[in-house]
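Single-structure report; data block below.
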Amino acid sequence: MSPNNSENTTENTATTDSSVTSSPADGIADKSGNKLHRSTSAPKTLSTAPTAETQASIAKALQTVLDGDFPEAREETRSLLADPDILPRTDLDLEQSRARTTEHLQRVLESGMPNHAFRADQGGTGETGRCLTSIEMLGHADLSLMVKSGVQWGLFGGAVGNLGTERHQEMVGKLMNLEALGCFAMTERGHGSDVQQLETTATYDAETQEFIINSPTASAEKWFIGNAARDGRWAAVFAQLIVPDAKNATEAGDDAQAESQGVHCLLVRIREDDGSPIDGVRIGDHGHKGGLKGVDNGTISFDNHRVPREALLNRFADVDEAGNYTSPIENPNRRFFTMLGALVRGRVTVGAAAGAAARTALDIAVTYANLRRQFAPDDSLPENRLIEHRWHRLRLIPRVARAYGLQFATNKLIARVHELDQRGVEPTEYTKEQQADQREVEAHAAALKAANTAHATDTIQEAREACGGAGYMAENLLTTLKADSDVFTTFEGDNVVMMQLAGKELMTGFAKELGGLNPMEMVRFGLDSFGNLLRRRTAADALIQNLVDTFSDSEETSLFDPAYQINLLSEREDRLMRSLARRLRPARKMDVDEAAKVVDGAQDHLLAVGWAHVDRIIFEAFVEAESKLDSEDAQRVLEQVRLVYFLSCIVDNASWYLEQNLLTGTRTKAARAALNDLVDSLGPWSQTLVDAFGIPDHITDLKLMEGYEAMVPKYESDPAAGQAG
């Protein structure tokens, strides 16, 4: 990797001199003995003509760390995806697409994946991580199937399994085995992200011991509900629970006077066995959408529809025969957020599957870039492959690097969700430490959902453009990936709201007690407690903590030093949090209306905090994955991928670092020059990087790859070439 910039900088750039190696370092280790080679010098340029054997070996090593903690689940799903028939078809009409996706649900069931979503006492295995990983993997091939599976076993099944009790066990068994197809009826025409303001009501009638479900307004109609238009026989319906019992002396059934106990979830039959709607239930069909033809989204509304008292999913609250409402969680806000916290898996899988779709798009675009030739430096020379053009490398390799980082971070999140599920403790019995763990997982799930889906939207479009007109052909999958993934930025939580949620959790971070704090009070509380999160997370991982501890601020600090890198990313997060706290401080002395205006005016700042947090946790996940590699060659390659990610963060936020006097103009120029050098170094290894995603070949063996007979081998080998660096 040779210097590319004409600027006279103080920063080292990479070198092609084979006699130059990374400066000696003892390395940084964690408690398990995983070690990160710590270098403060620019890395050597990787071989420009590596052997096929070397590339295959490194791809395998990289795949090992990319597969994360549940490689067996990935292999099981790869076997499922090995059938070319599993890929989406663009020649089918709406009804055919829906029918085909429903048929493919049976294949997913036969793979054993749904069993992992449920506890052993429910007839499953309780292997949450395996289930989440398998649903993620479906995103490599058919997002309609991923969404349909996610609705059935993740959302509908998750609601019944995680919000219900023993009395709902029979339904868990039926939905697990596809005997009962269901939907997740939360979003309404009038409210989506603001779940606490849903308008659907479920009013208890003590005389009949039934709940009467109503859609009192047009805006209360359930909207965009997957599985509703065609297949769903049941629904997990979220509604305001109204219990007019003797305690409040309200006439039974009088919604106007009764006080809602807040949003709760009920198991509701919406169709007869023959598919016709149940009396009191109106179902509509959204028809054609911008994508996801295989998913039958529809509307549901209710007109005095009665369900038994036992339909209430009563893990966190119940109503007895007389109409007395009880809950082990006294505070309504805490009860509500505990309920939503039990449903975090859906948010995890949406982000993870979007990441998988982006990796498929990158595999297609990078493979095409290594085959397609365009423009020769001279008439006497062959045309260059697309990947040999700097701009093409810059449009793809930084996105490959971000895809790696997002997968590492998502793997950590899935492992953490699995770990918390395995402890077998009821949320109502969590210790304060366990409550903090749960909130951290929920915040990371929100942040990574937004980051993964935004990355997918950007990356799939860039991959489509990188393949030219061929990328626009439906037969080459990219337009399908683009259409099907587009909605991922807004369902399971609008990305702006998700990143604000993550930022708010950072501000309120790990409070001693949520108590009855409303959103404004949470912000006020966060002004004094936001630092708890940073102190907590740096103590959580020995490897990262060791990097933090070894950092020494000096003029000689290198951009290539991982300790300096984590310091720069953490400093951005910390300073943004502190400045946001100062910006919000006046709200503490204002009335609610005026304070709300202050908070609303700081939303851009809150989003910036969330994105800074994402950049930092992705980097930390990179470092940890890098330390787990046994192969030095693979570690050298992954080190450069990590550097591309880090330098992209710096270049993208250069103005902020300059404003804060954390970097000089000279150093930001050096970062840009080093980024150019690194994509040049990784260009010949780009195919290796996407092969490590482990996507079944037939998924990316598309028409646009044909006609390049001279370039059939995946790796062009130089027998004299050897190792990675």
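Reminder that position 244 of the sequence shown reads as 244 in full-length UniProt numbering, one-by-one numbering, no gaps. Cβ coordinates follow ideal geometry from the N, Cα and C atoms, glycine included. All figures in this text were calculated on a predicted structure; none of them were measured in a lab.
For I387, the three-state secondary structure derived from DSSP is helix. In terms of CA proximity to V644, F619 leads the group P377, F619, V319. Burial state of W391 is exposed, judged by a 10 Å Cβ sphere holding fewer than 16 other Cβ atoms. C-alpha of Y657 to C-alpha of S558: approximately 16 Å in a straight line. Looking only at L267, S215, Q209, the smallest Cα-Cα distance to V243 is reached by Q209.
Comparing C-alpha distances from A563 to each of G351, G323, L92, F646 shows the shortest one belongs to F646.
DSSP lists T326 as the beta-bridge partner residues of D318. Between the stretch 230–242 and the stretch 198–205, the count of Cβ pairs shorter than 8 Å is three or higher; the stretches touch. Per DSSP, C265 lies in no alpha helix (DSSP H) segment; the continuous beta strand (DSSP E) that holds it begins and ends at 260–269.
Secondary-structure assignment with DSSP links A236 through a beta bridge to F184, L267. Spanning the alpha carbons of T428 and D205 requires a straight line of approximately 28 Å. When the beta-carbon positions are compared, C183 and V151 come within less than 8 Å of each other. About 14 Å separates the beta carbon of A317 from that of L267, a gap too long to meet the 8 Å contact definition. For L662, the three-state secondary structure derived from DSSP is coil. Under the three-state reduction of DSSP output, E210 falls in the strand class. Using a Cβ distance threshold of 8 Å, G68 and N370 do not count as a contacting pair.
For F622, the three-state secondary structure derived from DSSP is helix. Contact between the stretch 96–105 and the stretch 289–298 is established, with three or more Cβ pairs separated by less than 8 Å. The shortest CA-to-CA distance from V65 to any of R667, E626, K669, V637 is the one to E626. Positions of the alpha helix (DSSP H) runs, each at least 4 residues long and wholly inside the stretch 53–96, are given as 71–81 in order along the chain. At the C-beta level, A456 and F488 come within 8 Å of one another. Comparing C-alpha distances from A354 to each of A141, H444, G161 shows the shortest one belongs to A141. Around the beta-carbon of E76, 16 or more other beta-carbon atoms lie within 10 Å, marking it buried. In the DSSP annotation of this structure, R282 is not part of any alpha helix (DSSP H); the continuous beta strand (DSSP E) holding it starts and ends at 281–285.
One alpha carbon belongs to H168, the other to R119, and they sit about 13 Å apart. By the neighbour-count criterion, in which a residue is buried when 16 or more other Cβ atoms sit within 10 angstroms of its Cβ, T165 is exposed.
DSSP lists F211 as the beta-bridge partner residues of V307. In this structure, the CA atom of E492 is about 15 Å from the CA atom of E136.
Scanning G262, L704, A361 for the CA closest to the CA of D691 turns up A361.
By the criterion of a C-beta distance shorter than 6 Å, G341 is surrounded in its chain by Q438, E442, once the five residues flanking it on both sides are discounted. Per DSSP, G129 is one residue of the alpha helix (DSSP H) stretching across 128–138.
Take the alpha-carbon of R74 and the one of T133: they are about 7 Å apart.
Counted as a single uninterrupted DSSP element, the beta strand (DSSP E) harbouring D205 occupies residues 201–205.
A distance below 7 Å between beta-carbons, with the five flanking residues on each side excluded, links P586 to the following residues of its chain, in chain order: V598.
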